[in-house]
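Keeping their order, the protein sequence lines are chains F and V.
Each step along the first sequence adds one to the number in the working numbering, with nothing skipped, and position 466 is 466.
Each step along the second sequence adds one to the number in the working numbering, with nothing skipped, and position 11 is 11.
Report on the structure given below.
There are 2 protein chains.
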Amino acid sequence: MTYPNLTPERAAMNELHADGLRAGDPATWQLTEDAFAVGAQLHSETVFTIGNGQLCVRGSFEEGHPGDHPASFMHGVWDDMPVSVTELANLPRWWGIDLWFDGDRFRLDTGRLLDFTRSLDLLTGVLSRSLRWEAPSGAVVELGFERFVDFSSPHRAAVRVSIATDRAVQVRTRAGLDAHVENTGLLHWRVVDQGAGDAAAWLHTRTRATGIDLACACEVTLDGVEADATAGGTDGVPTIEHSFELQPRRAVVLTKQVAIVSGIDAADPVAEATGLARESAGAGWDALRAASDSAWLQAWARTDVVIGGDPEAQLALRFSLFQLLIAAPRFTENASIGAKTLSGFGYRHHVFWDTETFMVPPFSYSQPEIARNMLMYRWHGLAGAREKARANGHRGAQFPWESAGTGAEVTPSWMADPGDRTKLIRVWAGDIEIHITADIALAVMQYWQVTGDDAFICGYGAELVLDGAVFWASAAKREDDGSYHFRNVVGPDEYHDRVDDNAYTNHLAAWHLRTAGIVAGWLAGHHPERWAQLSAALAIDAAELDHWETVAAAMYLPVGTDGLLEQFTGYFALRDVDVAELRDPARTTSMQQRYGFEGITETQVLKQPDVLMLAYLLPELFTGEALARNYAYYDPRTDHEHGSSLGPAISAVMACRAGQPEVGYQHFLRAARADLRDVRHNAGDGIHGASAGGLWQAVVFGFAGLEVIADGWHTTPMLPKHWTRVEFGFEHRGVRQRVVVEA
Amino acid sequence: MTYPNLTPERAAMNELHADGLRAGDPATWQLTEDAFAVGAQLHSETVFTIGNGQLCVRGSFEEGHPGDHPASFMHGVWDDMPVSVTELANLPRWWGIDLWFDGDRFRLDTGRLLDFTRSLDLLTGVLSRSLRWEAPSGAVVELGFERFVDFSSPHRAAVRVSIATDRAVQVRTRAGLDAHVENTGLLHWRVVDQGAGDAAAWLHTRTRATGIDLACACEVTLDGVEADATAGGTDGVPTIEHSFELQPRRAVVLTKQVAIVSGIDAADPVAEATGLARESAGAGWDALRAASDSAWLQAWARTDVVIGGDPEAQLALRFSLFQLLIAAPRFTENASIGAKTLSGFGYRHHVFWDTETFMVPPFSYSQPEIARNMLMYRWHGLAGAREKARANGHRGAQFPWESAGTGAEVTPSWMADPGDRTKLIRVWAGDIEIHITADIALAVMQYWQVTGDDAFICGYGAELVLDGAVFWASAAKREDDGSYHFRNVVGPDEYHDRVDDNAYTNHLAAWHLRTAGIVAGWLAGHHPERWAQLSAALAIDAAELDHWETVAAAMYLPVGTDGLLEQFTGYFALRDVDVAELRDPARTTSMQQRYGFEGITETQVLKQPDVLMLAYLLPELFTGEALARNYAYYDPRTDHEHGSSLGPAISAVMACRAGQPEVGYQHFLRAARADLRDVRHNAGDGIHGASAGGLWQAVVFGFAGLEVIADGWHTTPMLPKHWTRVEFGFEHRGVRQRVVVEA
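Structure below.
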């Protein structure tokens, strides 16, 4: 099937640009499914999410399907909710197209599906679906859907469908906008106003609690047949309908150009959205595609990582990078990537340590301006972090465990008991999972190291690092043993909450305090005016700087025999792991589900290995045999299969550092399959963003062994034996570097 | 404005029947407002609720209004929700009519409102609204809306509007059904199917968690003009539209006959609802009105209470009885009246002790078959009550503090902190407010006393009383002092939670145990087979009966000097009340809001006076000077104005018993105005059902002083000085009694 307005010249040009990137196996750029399985539809909706770094839409069908979770999200459009405090409001359904054939409504739960292919082109972000469907009337319909979100600008998207039939059929089409959407049973919108004409419709809604205005507009054109258009709809649902008789084997194409603008981005979002949609309709599908494709090619040219000899790994890595690219804030520094990206309702789009630890690094290396946006999001949230420190009786900036629109702490204090929904379970993370403040400092320092972006550090980054150090120094308690302790905390391993002296937390706090001293010295030396201003604003005087050194030096950091660190005080005394049970391939639930929230705390089973995470981030702490010793102890005690989705990619790196790339590859596969194979049965809630970012780190920092050092960079490759090469680029202090590692 | 199809004969007949009841001031049957105030619209929506004991609809405008809380509820249609567990799903909007005049949509936030009257006829349950509205175009439109819910059958309702204009105007009408409704931001429905034709539309929805099917159907007719009808709508919104030119001063009437049937009541609710709507349309508006009016007249003839000399009191009492009549389960014994009736979202329609203590008595006296339905609802919930006792380690039936569809405990364990919505406050009522089990037994015994319905007691009532006694005997703990105690409970006065030996609870438990012994004896003597069967099923043997006597005799029941009871152990030691503050007329918030949830527990301020409530229910405990002594102590310490809405009506009775009818009248007025004047600023959430039932008790048991005794009944009147008479009927052991009390 060809589309009337896609000219051969345009197609050839796109091919030309794509050639270099498409070299090798084109299948490694295509995520494809050849059948529709109702039971897997939520998983498919997630993995077929497309977007542009501002606006994402799940792969939900244009016509809908029973049990689907249709959703589209836009950065910044937060609204309040019970229990989980706040979430992004699911946008009005802008991608819908309803079709009737001789009165039969098209939907895959009726009639008979003869052929079905859904395909996502990672290179251009275009989602396509071709199918043949036998209507209850017996007519056979051929449909080809295509949609994309313009990657070159924040507010535009387009959908079209080509329609052909095997006999003369009366066709009715309805395309419009629909405010009757939900966030898993919750409503966020009120309808303000709406309108529909013969070719255009618009809808003005407002979030209920936060009062954010949103305008959606669409322009609808029908090519290949003469048909009158009718404006219609009901409250909240402006529509444009067409009715016509379609002759056999004569394809028609219905095209819907969409624009979505919030009151955050425009003073008159309705005027802006209707204007943009009109402009798109005037320019045509191809023009928008060309602009979008070109932006995608530029992004991929900077981001792609080539893996030779392993198509599954290649596709999985490109898929992970695609998911990060569509969710990363490319057009704003007031948003970041939530734990489940913009692809589902999981974790209500809140931003955790996942972002800085797992997702920022790929951007710091490949597209630093995006990493900068994400770090700026934290800078804009400093007021919230300071308020959190104040509320806890501390000074400085204590970053929230979960952050949303403002930087205030939004971790729910309670969650529904999965076993009894009338009961609530206390969630401690927002109160005592304090390591995130150091994780943010680590991301800032890593960004600085690879980019050399002194201007960012001077203007913003130093403030993040320094005020975080004020928090650590204020919160650490000196006890009778002369050491500083952090008691009653949670480390990354959330199987054990409310522990004392978590190794990960204490070491990172000490590192943060020492690093802040260096940053202070650099700022005082290179930007004395900024230092004078900032040190005054943050009340950092000589005594404070001395105090940082004192706390860092006297931090309680126990080391066992042979450099084996105890994850927290008392960990080694817990009941040891039953290896047969932990490694049983027949197990299908996490060890926490098996032992219960309390029971699991009495064992040494780990959701993820804190000490190895620490070794990954601060390798200088693990000299000599210490790395191998800790790896040998903690790796076997980790619930790799069903514990944290954050762990496997980092375990892959640590296996490489321990000289075991084949073991590392097994960990890598777990991360690679987290979403594509839905191993945790929760991909329907959204992409595992940390796993996606970790996958890039596993390849670049693990198998390729890239390390940026004081005077440049080097690699220590450790490829799995079937990999023939790894090739990628990154920006080192503004200069593009090309890295090729061959077997 | 007259309606074309309301014949003079029919109107005359209705007048005839109504004459007897309408004698006196007709205004005391009419609730009327002459202006529309946006700020009071939620209050007005509540008080203009109409219904038929199965289906209620708030007084929300047919055309909608910004900020309204449109809602309609039907008994039995429960669905799950977070935090509050379960609620009745707001029904699809079936009463809507949308109108356009020369393209201007009619709604009161546009154009100019020239005249407005809304009126509820309590005698027939018909809600009317007449208005003149100047459209933005300048055309002046006269609209007369009327609606009623058929009181003679469970599933039918009707709406109509007459339309006239001052000039020729192009009119567009849209009437249909709308599934896009909400329960304060929550969704309960999925759309299963829908349909619309030229004159009829139907909608099939299903609750999300409980899977209850619901069918709504409507038939639409337009009289007075020729106009083509068009079927239309969008997903979840089937509609029927008319467009026509209306000539000046030529009224047309659009009539919508509606039927709503759930899967609980019919195997094929869609067929049932469409059939009923068609039947209504065939019979016409007048026929349905006649049937409904006749059912209303019968109900009023049995229920009305005439108050001479006080139109405000008369209207308030009729309004309260109307609200109870439309919410009381007239067609099912699987439902009861929730704390806020069927008129709003407050307390999520859960059934509390309010029902048996305040709302059942008026029905036990005036329409015992409805009281029986409400008590049968408890009998059907026995499994839930037994499960609750089991879960707490007790035997017998412990009734839930809040009950919904199944009789299981549905009290939320947590509520949002009004001061900080991210925080939750523990709600103890579901755990420890245990007095409800005795309150239910009291209602059963009172019903039996006045009705003499031995068959109900034998079949059901005895089981409620006996298994409740098993619970009390099992839960009471004998302590070292030799007495039985109930520690850590909440009495009716919820300002003081987690108290020991609450006088109300302990006395009622002892009464319940003694009463159960009497019931057991009666059953064994009069229905030995039933006793054999029931005593075996409930494991009540001679030892158990002895144990009841022992517990009742040794219950800890301290009495102070002069018969003054201490509300709970330690109450008298609390800080005494600051009378100036408590009685300050300028205070606008409750004492709990002023002192906080913890702070109020440290004072003697009462939400409602437990001891006086006890004296009301068990007067035999307060002999000699005891009543006056307790009244004098507790009444002044009660937050009458802003505490519980349950208190004032009972305080009115107690003031009469203390010989102070004028003081009683002040309390009476507080109850009378609870909803009509919205004194607590929360009438928008629904009618205060307990206050409504209490108002009847204040007049009948207080001012008229009716008392049913072993061999009949007598009255001890204590009328306020400006009342000229009180006249009412009740059924004593199946025989209608007429009571007339004159000043």
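Even for Gly, the Cβ is constructed at its ideal location relative to N, Cα and C.
Chain V contact for residue i (CB, 8 Å cutoff)
i	result
Glu182 (chain F)	yes
Arg725 (chain F)	no
Pro558 (chain F)	no
His732 (chain F)	no
Gly236 (chain F)	yes
Ser413 (chain F)	yes
Arg302 (chain F)	no
Within-8 Å CB hit, residue i to chain F
i	result
Arg426 (chain V)	no
Leu187 (chain V)	yes
Ser60 (chain V)	no
Val83 (chain V)	yes
Arg208 (chain V)	yes
Thr239 (chain V)	yes
Pro8 (chain V)	Confidence at Pro8 (chain V) is low in this model, with a pLDDT of 39, below 50, so the placement of that residue should be treated as unreliable; the coordinate-derived value is given next. It does not: the Cβ of Pro8 (chain V) has no partner Cβ on chain F nearer than 8 Å.
Close beta carbons around residue i, own chain, < 6 Å, minus the five adjacent residues each side
i	result
Trp100 (chain V)	Arg172
Gly362 (chain V)	For clarity, residue 362 (chain V) is Pro in the given sequence; the question names Gly instead. Within the same chain, Pro362 (chain V) has close Cβ partners Gly693, Trp696.
His43 (chain F)	Asp678, Ala683, Gly684
Thr569 (chain F)	Asp500, Asp501
According to DSSP, residues forming a beta bridge with residue i
i	result
Ala672 (chain F)	For Ala672 (chain F), which the question treats as bridged, DSSP gives no partner whatsoever.
Asp261 (chain V)	Correcting the residue type first, residue 261 (chain V) is Val in the shown sequence and not Asp. DSSP lists V:Ala215 as partners of Val261 (chain V).
Ala231 (chain V)	V:Ile240
Ser403 (chain F)	F:Val351, F:Glu409
Ile307 (chain F)	F:Val726
Of the residues the options, the one placed nearest residue i, counting alpha carbons only
i	options	result
Thr341 (chain V)	V:Ala168, V:Asn334, V:Leu719, V:Met74	V:Met74
Val305 (chain V)	V:Ala704, V:Asp711, V:Glu182, V:Lys721	V:Ala704
Pro412 (chain V)	V:Pro82, V:Ser60, V:Thr28, V:Pro26	V:Pro82
Phe352 (chain F)	F:Ala227, F:Asn334, F:Thr437, F:Met415	F:Thr437
Leu617 (chain F)	F:Phe244, F:Thr569, F:Glu356	F:Glu356
Gln323 (chain F)	F:Leu91, F:Glu241, F:Arg249, F:Asp675	F:Asp675
Gln194 (chain V)	V:Leu186, V:His188, V:Leu203	V:Leu203
Phe61 (chain V)	V:Gly686, V:Gly96, V:Ala429	V:Gly96
Thr207 (chain V)	V:Thr274, V:Phe116, V:Asp80, V:Asp198	V:Asp80
Chain-order list of residues whose beta-carbon lies under 8 Å from that of residue i (same chain, five-residue window excluded)
i	result
His526 (chain V)	Asp454, Cys458
Thr724 (chain V)	Gly308, Gly309, Glu742, Ala743
Close-in-space but distant-in-sequence residues of the same chain around residue i (CB under 7 Å, 5 per side omitted)
i	result
Glu134 (chain F)	Gly111, Arg112, Leu114, Val140
Asp121 (chain V)	Trp29, Gln30
CB contact below 8 Å: residue i versus chain A
i	result
Gly233 (chain V)	Reference to chain A is not applicable here, since the protein chains of this structure are F and V.
*Determine contact between the segment 227-241 of chain F and the segment 149-167 of chain F, defined as no fewer than three beta-carbon pairs at a distance below 8 Å.*
no
*Examine the Cβ distances between the segment 671-682 of chain F and the segment 654-663 of chain F and report whether three or more of them are shorter than 8 Å.*
no
*asked:* Pairs of beta-carbons, one from the segment 307-321 of chain F and one from the segment 51-59 of chain F, closer than 8 Å: are there three or more?
replied: no
_the segment 363-370 of chain V touching the segment 393-402 of chain V, judged by at least three CB pairs closer than 8 Å_ = no
*If you pair each beta-carbon of the segment 218-233 of chain V with each one of the segment 211-221 of chain F, do three or more pairs fall below 8 Å?*
no
*Between the segment 333-350 of chain V and the segment 85-103 of chain V, do at least 3 Cβ pairs fall closer than 8 Å?*
yes
*asked:* Is it the case that the segment 631-649 of chain F contacts the segment 602-610 of chain F, given that we only count it when at least three CB pairs across the two stretches are under 8 Å?
replied: yes
*contact_flag[the segment 491-500 of chain V, the segment 460-479 of chain V] where n(CB pairs < 8 Å) is 3 or more*: no
*How do the segment 465-475 of chain V and the segment 430-445 of chain V stand: do at least 3 beta-carbon pairs fall below 8 Å, yes or no?*
yes
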